[in-house]
Amino acid sequence: MLLCCFFNNPPNILGQLVRLNNGQDPAERTVRSERKRRDSFGMFDGYDSCSEDSSSSSSSEDSDEEVPSLPASLPIIKTNGQVYTYPDGKAGMATCEMCGMVGVRDAFYSKTKRFCSVSCSRSYSSNSKKASILARLQGKPPTKKAKVLQKQPLMAKLAAYAQYQANQQNQVKSKTGKFHAKVPMGTSWGDLAEGVRVEVPNTDSGLPMKVYWIAGVIKLAGNKALLRYEGFDGDSGRDFWCNICVPDIHPVGWCAAGGKPLVPPKSIQHKCTNWKAFLVKCLTGAKTLPIDFSTKVQQSMQFPFKKLMRVEVVDKTHLCRTRVALVEQVIGGRLRLVYEECEDGSDDFWCHMYSPLIHSIGWSRGIGHRFKRSDVSKKLDGQVDAPGQLFAKVKDVDQSGEWFKDGMKLEAIDPLNLSAICVATVRKVLADGYLMIGIDGSEAADGSDWFCYHSTSPSIFPAGFCEINTIELTPPRGYTKLPFRWFDYLRETGSVAAPVKLFNKEVPNHGFRPGMKLEAVDLMEPRLVCVATVTRIVHRLLRIHFDGWEDEYDQWVDCESPDLYPVGWCQLTGYQLQPPAVLGEFYWDFSAFIHKDKDGQRYIFVVQFLNSF
Numbered sequence: 001m002l003l004c005c006f007f008n009n010p011p012n013i014l015g016q017l018v019r020l021n022n023g024q025d026p027a028e029r030t031v032r033s034e035r036k037r038r039d040s041f042g043m044f045d046g047y048d049s050c051s052e053d054s055s056s057s058s059s060s061e062d063s064d065e066e067v068p069s070l071p072a073s074l075p076i077i078k079t080n081g082q083v084y085t086y087p088d089g090k091a092g093m094a095t096c097e098m099c100g101m102v103g104v105r106d107a108f109y110s111k112t113k114r115f116c117s118v119s120c121s122r123s124y125s126s127n128s129k130k131a132s133i134l135a136r137l138q139g140k141p142p143t144k145k146a147k148v149l150q151k152q153p154l155m156a157k158l159a160a161y162a163q164y165q166a167n168q169q170n171q172v173k174s175k176t177g178k179f180h181a182k183v184p185m186g187t188s189w190g191d192l193a194e195g196v197r198v199e200v201p202n203t204d205s206g207l208p209m210k211v212y213w214i215a216g217v218i219k220l221a222g223n224k225a226l227l228r229y230e231g232f233d234g235d236s237g238r239d240f241w242c243n244i245c246v247p248d249i250h251p252v253g254w255c256a257a258g259g260k261p262l263v264p265p266k267s268i269q270h271k272c273t274n275w276k277a278f279l280v281k282c283l284t285g286a287k288t289l290p291i292d293f294s295t296k297v298q299q300s301m302q303f304p305f306k307k308l309m310r311v312e313v314v315d316k317t318h319l320c321r322t323r324v325a326l327v328e329q330v331i332g333g334r335l336r337l338v339y340e341e342c343e344d345g346s347d348d349f350w351c352h353m354y355s356p357l358i359h360s361i362g363w364s365r366g367i368g369h370r371f372k373r374s375d376v377s378k379k380l381d382g383q384v385d386a387p388g389q390l391f392a393k394v395k396d397v398d399q400s401g402e403w404f405k406d407g408m409k410l411e412a413i414d415p416l417n418l419s420a421i422c423v424a425t426v427r428k429v430l431a432d433g434y435l436m437i438g439i440d441g442s443e444a445a446d447g448s449d450w451f452c453y454h455s456t457s458p459s460i461f462p463a464g465f466c467e468i469n470t471i472e473l474t475p476p477r478g479y480t481k482l483p484f485r486w487f488d489y490l491r492e493t494g495s496v497a498a499p500v501k502l503f504n505k506e507v508p509n510h511g512f513r514p515g516m517k518l519e520a521v522d523l524m525e526p527r528l529v530c531v532a533t534v535t536r537i538v539h540r541l542l543r544i545h546f547d548g549w550e551d552e553y554d555q556w557v558d559c560e561s562p563d564l565y566p567v568g569w570c571q572l573t574g575y576q577l578q579p580p581a582v583l584g585e586f587y588w589d590f591s592a593f594i595h596k597d598k599d600g601q602r603y604i605f606v607v608q609f610l611n612s613f
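Under the UniProt record's numbering, the first residue of the sequence shown is numbered 1, with each subsequent residue one higher.
So, in structure tokens, the structure goes:
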């Protein structure tokens with residue numbers, strides 16, 4: 001088994017290896033032949049330079065050092081600039097503290113036998129950071145003594161660069177998670193920032209096989225990253241967008257560990273004669289993705305809800321009650337639910353698994369909510385009640401003191417017209433902090449359009465909220481005394497406003513800004529996820545505009561809603577994204593949102609989707 005390789009060996013070591021290995025075995029000829037084939041393409045196997053000049057310059061520096069000869073019993077394969085050893089296991093073994101090479105102890109350099117070569121000894125003592133990078137570039141994990149002692153900044157947003165502390169990267173976290181935990185990779189987005197280096201396929205190699213090169217993150221837009229190959233410096237002409245969570249994105253060192261070739265883009269190969277030295281220079285002090293980033297992506301795409309699980313969900317035909325439904329499909333945490341009495345699966349409802357619209361079986365009875373009993377007498381094979389711990393949790397509230405009472409007035413987002421905040425009334429107080437809310441002036445006589453909100457819901461507000469924040473308040477239908485004034489309305493109706501202290505006043509540092517692009521669920525047609533823009537922010541409340549549609553279709557949504565997603569979420573999860581309705585003026589290509597004005601100028605809106613819990 002191939003255990004190790006030198007990066008650059010002094011010529012005296014190579015000379016001894018040649019003398020010890022005069023007879024070339026078939027393995028040597030095979031490796032040399034493969035090396036020559038790669039050399040002809042300018043490839044870099046595990047970051048090793050194919051430049052003879054590079055080897056010569058490095059070797060001459062160390063040629064005056066005394067190096068003990070390797071025992072003749074050690075099988076050796078010498079290639080262009082690299083030495084692969086196959087220790088026989090009989091003699092004492094040692095591990096190089098610089099590059100991690102495992103070999104016969106007697107063949108190691110110096111009396112202490114800490115290093116495999118003069119090069120490793122000098123590199124370790126003179127520049128530990130660069131030495132660690134060299135080891136990483138060879139695909140070898142740094143040893144305990146070889147790791148860099150320089151402490152990472154406490155405010156760093158990313159995991160430490162893989163070659164610095166590879167064995168501790170899983171413990172390095174961002175201080176503030178900017179993507180919410182309800183989307184894939186939401187809890188790990190602190191690992192990514194502008195300037196991070198990754199290994200990606202090289203589409204400009206001119207070779208028939210798949211090769212890779214290192215690129216840096218220039219900009220972030222949700223799940224999307226604008227990348228630039230190393231070597232292009234300030235030239236943005238070859239920049240390209242990609243989803244950072246796709247399988248072809250890897251941390252630096254992945255190619256070396258897997259034996260994948262690194263090849264600089266064909267258009268810049270002439271710019272440098274020693275690409276190995278170039279990479280060492282540009283990667284010194286840089287950061288990359290954690291080595292387990294792809295594993296995190298895969299794990300984030302695993303969801304606890306499974307097909308045929310039973311839940312209680314709001315009845316879309318009568319908002320005042322819930323019904324039993326079965327999970328039919330799970331995509332990116334979004335559930336397609338089919339009401340239990342529907343035999344052909346056509347009567348369905350889409351929502352996120354953390355939506356406040358779904359609950360565990362028995363929830364309605366527990367809080368006193370209306371519930372439509374199913375005609376299905378018993379569960380079918382495979383059906384199981386979804387465990388209670390899978391659902392979103394609400395805050396515990398104390399209802400023993402001053403609390404909401406039936407008839408109290410407030411303001412609420414109309415569940416049937418999410419672009420409007422309306423005058424509303426508490427119609428019934430339920431257990432565990434839940435309230436049944438009715439929209440004044442448009443309620444059905446039987447209360448079938450009452451809607452259940454938790455008292456901590458960000459969708460209900462104290463009287464006067466809209467006036468204070470310059471939001472148009474929708475008065476009761478048929479109310480003629482305009483402009484609407486709360487004082488007059490309360491006096492006319494003989495009612496009181498719900499106390500301000502009972503409402504949720506928490507405003508998280510969500511980071512949203514007007515103009516940001518995202519992918520958002522059309523909550524009036526929840527099976528659709530559309531291209532959208534944040535047009536206004538009021539504390540934690542966001543006004544979401546669906547690009548290409550009239551403003552009347554806008555929706556007020558909470559900043560922590562599970563129905564808001566970063567750009568690229570649909571591509572990552574396989575969910576269909578609805579493009580902007582107006583064609584010809586706007587284009588959506590999963591890379592960036594591009595607007596063309598009348599003068600033909602094109603502007604790319606590159607935005608960071610932010611959200612924190």
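Glycine included, each C-beta is placed from N, C-alpha and C at the ideal position.
Note that the structure is predicted; figures quoted are calculated from it, not measured.
- Taking 8 angstroms as the cut-off, the Cβ atoms of G568 and G222 count as close.
- Proximity to S495 across V426, I331, G366, E312 peaks at V426, based on C-alpha coordinates.
- Taking one beta carbon from each stretch, the region 546 to 556 and the region 516 to 533 have 3 or more pairs nearer than 8 angstroms; the two touch.
- Within the same chain, Cβ atoms closer than 6 angstroms to the Cβ of R197 are found at I214, G216, V252, A286, T288, the five residues on either side in sequence being excluded.
- Going by DSSP, L572 is part of the alpha helix (DSSP H) stretching over 569 to 573.
- In the three-state scheme derived from DSSP, where H, G and I count as helix and E and B as strand, F404 is classed as coil.
- Residue pairing by DSSP puts N243 in a beta bridge opposite K224.
- Here the region 339 to 347 does not lie against the region 395 to 413, with fewer than 3 beta-carbon pairs under 8 angstroms apart.
- Excluding five sequence positions before and after Q576, the CB atoms of its chain that fall closer than 8 angstroms to its own CB belong to V529, C570, given in chain order.
- Around the beta carbon of K224, 16 or more other beta carbons sit within 10 angstroms, so the residue counts as buried.
- For S364, the enclosing alpha helix (DSSP H) covers residues 363 to 367.
- Rounded to whole angstroms, the gap between the alpha carbons of S121 and W275 is 23 angstroms.
- Straight-line measurement puts the Cα of R114 at about 54 angstroms from the Cα of L518.
- Inter-residue distance for Q578 and L541 is about 23 angstroms (C-alpha atoms, whole angstroms).
- Excluding the 5 residues flanking it on each side, R336 has same chain C-beta neighbours closer than 7 angstroms at E328, Q329, D348, W350, in chain order.
- Contact check for A412 and S459: beta-carbon distance about 6 angstroms, within the 8 angstroms limit, so the pair qualifies.
- Within a 10 Å sphere around the beta-carbon of A325 sit 16 or more other beta-carbons, which makes this residue buried.
- Per DSSP, A420 is one residue of the beta strand (DSSP E) stretching across 417 to 429.
- Around M353, the same chain offers F305, G333, L335 as residues with beta carbons nearer than 6 angstroms, after the five sequence neighbours per side are excluded.
- Look at the beta carbons and you see the region 362 to 371 touching the region 314 to 325: at least three pairs across the two are nearer than 8 angstroms.
- Fully enclosed alpha helix (DSSP H) runs of no fewer than 4 residues occupy 275 to 283, 293 to 300, 363 to 367 of the UniProt repeat "MBT" (273 to 369), in order along the chain.
- Taken through DSSP and simplified to helix, strand or coil, R238 comes out as coil.
- Membership of F546 in the beta strand (DSSP E) is indicated by the continuous run 541 to 546.
- Assignment of beta strand (DSSP E) within the region 483 to 556, counting only whole runs of 3 or more residues, yields 517 to 521, 529 to 538, 541 to 546 in chain order.
- If you look at I413, you'll find it isn't in any alpha helix (DSSP H); it sits in the beta strand (DSSP E) that goes 409 to 414.
- When secondary structure is reduced to three states using DSSP, Q399 falls in the coil class, being assigned neither helix nor strand.
- Judged by DSSP in its simplified three-state form, D432 adopts helix.
- Partner residues in the beta bridge of H454, as assigned by DSSP, are Y434.
- Annotation: Y212 to C96 spans about 28 angstroms, alpha carbon to alpha carbon.
- Excluding sequence positions up to five before and after V507, its CB lies within less than 7 angstroms of the CB of H539, R540, all in the same chain and listed in chain order.
- Straight across, the Cα-Cα distance linking P201 with F303 is about 30 angstroms.
- Contact between R310 and A392 fails: their C-beta atoms lie close to 17 angstroms from each other, not under 8 angstroms.
- Inter-residue distance for D233 and S294 is about 27 angstroms (C-alpha atoms, whole angstroms).
- Judged by beta-carbon spacing, G433 lies within the 8 angstroms limit of S455, meaning their Cβ atoms are closer than that value.
- For E467, the enclosing alpha helix (DSSP H) starts and ends at 465 to 468.
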